[in-house]
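**Student:** Please find one structure pasted underneath; my questions will follow.
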Ligand code: ATP
Ligand code: MG
Ligand code: MG
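In full-length UniProt numbering, the protein residues as written are 5 to 561.
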């Protein structure tokens, strides 16, 4: 996974290693909540968490932060592991916060017995109101000074399932006037008489994120706990909890960085879930979704995502990256790796009237040897069939060419890529006057695509032999949201949905070799862009990105 460019995180880690903190060890973790599929924002966290560990010869674990039994499921766990692997990382171990429920509970009792935690019986509303606000004093709970023995007894009964949901919480006893709200007696446990996807009905109380996270880091021996900026204000609490535990080793250090957000999309599991449930997209793996599965199905190479996440920088300032920047990484990677093929998305028949027939009166078939990827000669060549009946792109012919239109029109000569020069002579129309066929002649001397007399043509077009073409369905995609910052106008991202984010083309005619495309393989359709073969459905392709940034504009012409 390479060496990360210097950034404030690697600088902190490098410095800690140099000082011999944690015995020079580096250990990180990626801690998703198993309540949805991973998205491009998570990819950034994965690259930072795994990448930092790898850069320093350390290890990174996957820890499923499964402290919220309502919303979590085992199925998400499997998809998370699969997506991390697809991105190119292997967790040193897979752990669950729920593995530590017993230890967390024991430590909570330790805090209670030190007089540092108490059971509060106020209503959730009263607790929230009592916390006050910035410049607004907190009000101490009437239960705050309960005797330790009583706290212990009730806390044990909470664990034993003797109370109803919401009737009691365990709170840390810190400072109700602290300027940082996080330290105004934060909640450590809530009563939830509910099944947990791993621990079943063993527990009636569940730890909060704040109580579970740092302690889980400590149990695993994490040295650097990297998270996003919204946890910055939690850091003093993270440190406070760890200080109370009398650990015999250096506690982990929390480091925050800015979330990765993109223009024209959303990266919030809640919003993405709404797109799925409202049927705006086909599912979590819809190629328009910024989920790892969506990007993968769309044809984004894992290497491009990794490289983007490394090079885009890791900062402490929230900002929205342009989606075009990510696309440029995808394009660069695919330009180097993708095979070139010819495909006609809007087919128009082109018939060469002077094309020869064999002794049985059938049109001759010629084969042209074409490079699979001019950027990579080692990818070799293939034979492409050519006959007197071809498909060309409807857009490559105009009966009445507008100014500066240099492609095919009556009387105009163009090059069929790698094959011959052809000159359009006539058209065939249907009853409504649409051109359904172009008649043309070819110049036999221009075989290979050049004329011996040095004649020049102004355009080169792709084509497929009608007899050899295979049929396919090809989906073109546009931005899922029209606004750069979805939701900025109205507060609701879904108000900025692009109603035309997908165009499905059926009856596309593809070069025969594309019948052999592997599921997930991304191919360059010459002149049209990069297209990914669907993972499940044969002869179904998704446009990954255009060949250039201006493709979207060209498409709308
Ligand atoms: P969401 O709001 O989408 O639910 P989350 O932060 O609640 O995101 P988690 O499953 O808790 O999702 O995330 C696991 C890790 O990924 C956390 O460390 C989190 O900070 C990080 N992460 C999530 N979204 C982003 C993002 N957009 N950019 C960078 N890191 C992210
Ligand atoms: Mg979270
Ligand atoms: Mg969340």
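Heads up, the beta-carbon is just placed ideally off N, CA and C, and yes, glycines get one too.
#1: DSSP on residue 560, reduced to helix/strand/coil?
#2: Label residue 440 either buried or exposed according to how many other C-beta atoms from any shown protein chain fall within 10 Å of its C-beta, with 16 as the threshold for buried.
#3: Specify whether the segment 232-249 and the segment 92-110 touch according to this definition: at least 3 beta carbon pairs, one from each stretch, less than 8 Å apart.
#4: Figure out for me which residue from 200, 124, 114, 141 has the closest Cα to the Cα of residue 75.
#5: Residue 394 and residue 349: beta carbons closer than 8 Å?
#6: Near residue 12, which residues of its chain fall below 6 Å by C-beta distance, leaving aside the five closest residues on each side in sequence?
#7: Say the cut is 7 Å; is the CB of residue 56 nearer than that to a heavy atom of ligand 1?
#8: Put residue 46 into one of helix, strand or coil per three-state DSSP.
#9: If we call anything under 8 Å between Cβ atoms a contact, is residue 79 one with residue 203?
#10: Any idea which residues DSSP pairs residue 439 with across the strands?
#11: Below 8 Å between beta carbons: does that hold for residue 188 and residue 142?
#12: Any heavy atom of ligand 1 closer than 7 Å to the Cβ of residue 231?
#13: Per the contact definition of three or more C-beta pairs closer than 8 Å, is the segment 539-548 in contact with the segment 301-313?
#14: Which parts of the segment 231-310 are runs of the alpha helix (DSSP H), unbroken and 4 residues or longer, counting only runs that do not cross its ends?
#15: According to the neighbour-count rule (16 or more other Cβ atoms, all chains shown, within 10 Å of its Cβ), is residue 561 buried or exposed?
#16: Under the three-state reduction of DSSP, which class applies to residue 204: helix, strand or coil?
#17: Need the endpoints of the alpha helix (DSSP H) that residue 217 sits in, please.
#18: Could you work out which residue in 492, 73, 382, 481 is closest to residue 293 when comparing CA atoms only?
#19: Taking 7 Å as the cut-off, is the CB of residue 49 close to at least one heavy atom of ligand 5?
#20: By DSSP's criteria, residue 65 is part of a beta bridge. Which residues make up the other side?
#21: Excluding the 5 residues preceding and the 5 following residue 351 in the sequence, name in chain order all residues of the same chain whose CB lies nearer than 6 Å to its CB.
#22: Helix or strand or just coil, what does DSSP make of residue 57?
#23: Suppose contacts are defined by Cβ-Cβ distances below 8 Å. Is residue 46 in contact with residue 70 by that definition?
#24: To the nearest angstrom, how far is the alpha carbon of residue 57 from that of residue 315?
#25: For residue 264, is the beta carbon positioned less than 7 Å from some heavy atom of ligand 1?
#26: Return yes when the C-beta of residue 271 is under 7 Å from any heavy atom of ligand 1, and no when it is not.
#27: Does the segment 358-365 come within contact of the segment 324-334, defined as at least 3 CB pairs closer than 8 Å?
#28: How would you label residue 205, buried or exposed, when you count the other beta carbons within 10 angstroms and need 16 or more for buried?
#29: Kindly list the residues whose CB is nearer than 7 Å to the CB of residue 552, restricted to its own chain and excluding five residues on each side of it in sequence; keep chain order.
#30: Would you tell me roughly how many angstroms separate the C-alpha atoms of residue 241 and residue 114, rounded to the nearest one?
#31: Quick check on DSSP: helix, strand or coil for residue 174?
#32: Are at least three pairs of beta-carbons, each pair with one atom in the segment 363-379 and one in the segment 433-448, less than 8 Å apart?
#33: Return yes when the C-beta of residue 46 is under 7 Å from any heavy atom of ligand 1, and no when it is not.
#34: Quick check on the DSSP output: what are the complete beta strand (DSSP E) runs of length 3 or more inside the segment 79-106, in order along the chain?
#35: Evaluate residue 155 with the Cβ neighbour count: other Cβ atoms within 10 Å of its Cβ, from every protein chain shown; 16 or more gives buried, anything less gives exposed.
#36: Excluding the 5 residues flanking residue 170 on each side, which residues of the same chain have their C-beta closer than 7 Å to its C-beta?
**Tutor:** Judging by the given coordinates:
#1: Because the pLDDT at residue 560 is just 45, under 50, the model does not fix this residue reliably, and the value given afterwards should be weighed accordingly. Correct three-state label for residue 560: coil.
#2: It counts as exposed.
#3: Three or more Cβ pairs closer than 8 Å define a contact, and the segment 232-249 falls short of that threshold against the segment 92-110.
#4: Cα-wise, what sits closest to residue 75 is 200.
#5: Result no, Cβ atoms of residue 394 and residue 349 do not sit closer than 8 Å.
#6: Beyond the five residues adjoining it in sequence on each side, residue 12 comes within less than 6 Å, by CB distance, of no other residue in the same chain.
#7: Not one heavy atom of ligand 1 falls within 7 Å of the beta-carbon of residue 56.
#8: In this structure, DSSP gives residue 46 a helical state, which the three-state scheme calls helix.
#9: No. Outside cutoff.
#10: Looking at the DSSP assignment, residue 439 forms a beta bridge with 433.
#11: The answer is yes: Cβ separation under 8 Å.
#12: In this structure, residue 231 has its beta carbon less than 7 Å from a heavy atom of ligand 1.
#13: Taking a contact to require three or more Cβ pairs closer than 8 Å, the segment 301-313 and the segment 539-548 qualify as touching.
#14: Runs found: 239-247, 273-281, 296-302.
#15: The pLDDT assigned to residue 561 is 41, lower than 50, so where the model puts this residue is not dependable; a value taken from the coordinates is nonetheless given after this. Exposed, by the Cβ-count rule.
#16: Strand, per DSSP.
#17: Its alpha helix (DSSP H) spans residues 213-224.
#18: For residue 293, the closest alpha carbon among the candidates 492, 73, 382, 481 is that of 481.
#19: Within the structure as shown, ligand 5 is missing, the only ligands being ligand 1, ligand 2 and ligand 3.
#20: DSSP output for residue 65 lists 33 as bridge partner(s).
#21: The beta carbon of residue 351 lies closer than 6 Å to those of 395, 513 in the same chain, with the five residues before and after it left out.
#22: The three-state secondary structure of residue 57, taken from DSSP, is helix.
#23: Not in contact: residue 46 and residue 70 (Cβ atoms no closer than 8 Å).
#24: Approximately 17 Å between the Cα atoms of the pair.
#25: Checking every heavy atom of ligand 1 against the Cβ of residue 264, one is found closer than 7 Å.
#26: The answer is yes for residue 271.
#27: Cβ pair count under 8 Å is below three, so no.
#28: It counts as exposed.
#29: Contacts found: none.
#30: Rounded to whole angstroms, the gap between the alpha carbons of residue 241 and residue 114 is 17 Å.
#31: Looking at residue 174 - three-state DSSP - the assignment turns out to be strand.
#32: At 8 Å Cβ cutoff, the stretches do not touch.
#33: Residue 46 Cβ: within cutoff of ligand 1.
#34: With a minimum length of 3 residues, the continuous beta strand (DSSP E) runs that stay inside the segment 79-106 are 98-100.
#35: By the 10 Å Cβ count, residue 155 comes out buried.
#36: Taken in chain order, the residues that qualify are 128, 195.
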